[in-house]
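Enquirer: Just so we're aligned, residue 1 is where the sequence shown starts under full-length UniProt numbering, counting upward by one. Okay, handing you the structure first.
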Amino acid sequence: MIRTLLALDGALVRGALSCVLAAEDDISVVAEVDRGDAVRPAVRAQRPDVVVADLDLVAGDASGPAGACPLLLLAHPRRARGLRGMLSATRAVGILGSDVTPQRVVDGIRRLARREAVLDADLVVAALHADGPLTSRETEVLSLTAAGAPVAEVAVSLGLSCGTVRNHLGRIARKVGARTRVEAVRVAREAGWI
């Protein structure tokens, strides 16, 4: 029996996949979580054989949210940039598009349990070539802004003046075609640049 943990945002998708997996004779869902910070504790408590996770939920955990447990990431092609860190941080990882059929997820779980590769070639190529228009400094500024830091806090964190941070935010908005900082954050997140 392949013990599986689901770490997916959205009760409908998580519940539907759980039902699909429950119909399989060799797979059982041992836990379901909907927050990235709940993955590690659930892995420690349930000891799954495979974790199926939404990239957006676990992308911030650069050390690998599932530890040594194989991780099957479901990612949208526009968010492929977030895969770069996960590919190097996690020892056993599989990657599938978030729009694949449930049967591909079932097959991916089985393959990862056998320690076989599970890769969506289009997503891997997108991850390797997902360079955005933002400089590394602009990415830092926007990431801190996206986390809710006000201009003054971003300035202190990065050793910049408030005016320089505002200039960066203005340039970022123009580069991504946004009218506001909030819109710039949304566009950058959807494109996988932050």
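Note that the Cβ used here is the ideal one computed from N, Cα and C, for glycine as well. Predicted model, so just to flag it, every value in this text is computed and none were measured.
Are there 16 or more other CB atoms within 10 angstroms of the CB of L8, so buried, or fewer, so exposed?
Expert: buried
Enquirer: Among residues of its own chain, excluding the 5 on either side of S28, which ones have a beta-carbon nearer than 8 Å to its beta-carbon?
Expert: M1, I2, R3, T4, L21 and A22
Enquirer: Can you round the beta-carbon distance between W193 and T135 to whole angstroms, since I take them to be within the 8 Å contact cut?
Expert: The pair is not a contact, with the Cβ atoms about 11 Å apart (cut-off 8 Å).
Enquirer: Please state whether the Cβ-Cβ distance between V105 and V187 is less than 8 Å.
Expert: Not a contact, by the Cβ cut-off of 8 Å.
Enquirer: According to DSSP, is L6 part of a helix, a strand, or is it coil?
Expert: strand
Enquirer: If you reduce the DSSP assignment to three classes, tell me which class I95 lands in.
Expert: strand
Enquirer: On the DSSP letters alone, give me the boundaries of the beta strand (DSSP E) that A53 sits inside.
Expert: Segment V50 to D54, the beta strand (DSSP E) holding A53.
Enquirer: May I ask which residues mark the beginning and end of the beta strand (DSSP E) holding E116?
Expert: Here E116 belongs to no beta strand (DSSP E), and DSSP marks it neither H nor E.
Enquirer: Considering just the uninterrupted stretch of the beta strand (DSSP E) at I27, what are its terminal residues?
Expert: I27 to V33
Enquirer: In three-state terms, what does DSSP make of A59?
Expert: coil
Enquirer: Taking the beta carbon of L71 as the centre, do at least 16 other beta carbons fall within 10 Å, making it buried, or is it exposed?
Expert: buried
Enquirer: By DSSP, does G148 sit in helix, in strand, or in coil?
Expert: G148 carries a coil assignment under DSSP once its states are collapsed to helix, strand and coil.
Enquirer: Check whether the Cβ atoms of V165 and V154 lie closer than 8 Å to each other.
Expert: yes
Enquirer: Do C69 and V50 have their C-beta atoms within less than 8 Å of each other?
Expert: yes
Enquirer: Where does D26 land, buried or exposed, given buried means 16+ other C-beta within 10 angstroms?
Expert: exposed
Enquirer: Nearest-angstrom Cα distance between D54 and D99?
Expert: Distance between the alpha carbons of D54 and D99: 12 Å.
Enquirer: Look up L21 in the DSSP assignment and give the residues it is bridged to.
Expert: DSSP, once it has assigned bridges, lists no residue as partnering L21.
Enquirer: What residues in its chain sit with their C-beta under 6 Å from that of S143, if we drop five residues either side in the sequence?
Expert: I194
Enquirer: According to DSSP, is A16 helix, strand or coil?
Expert: Helix, per DSSP.
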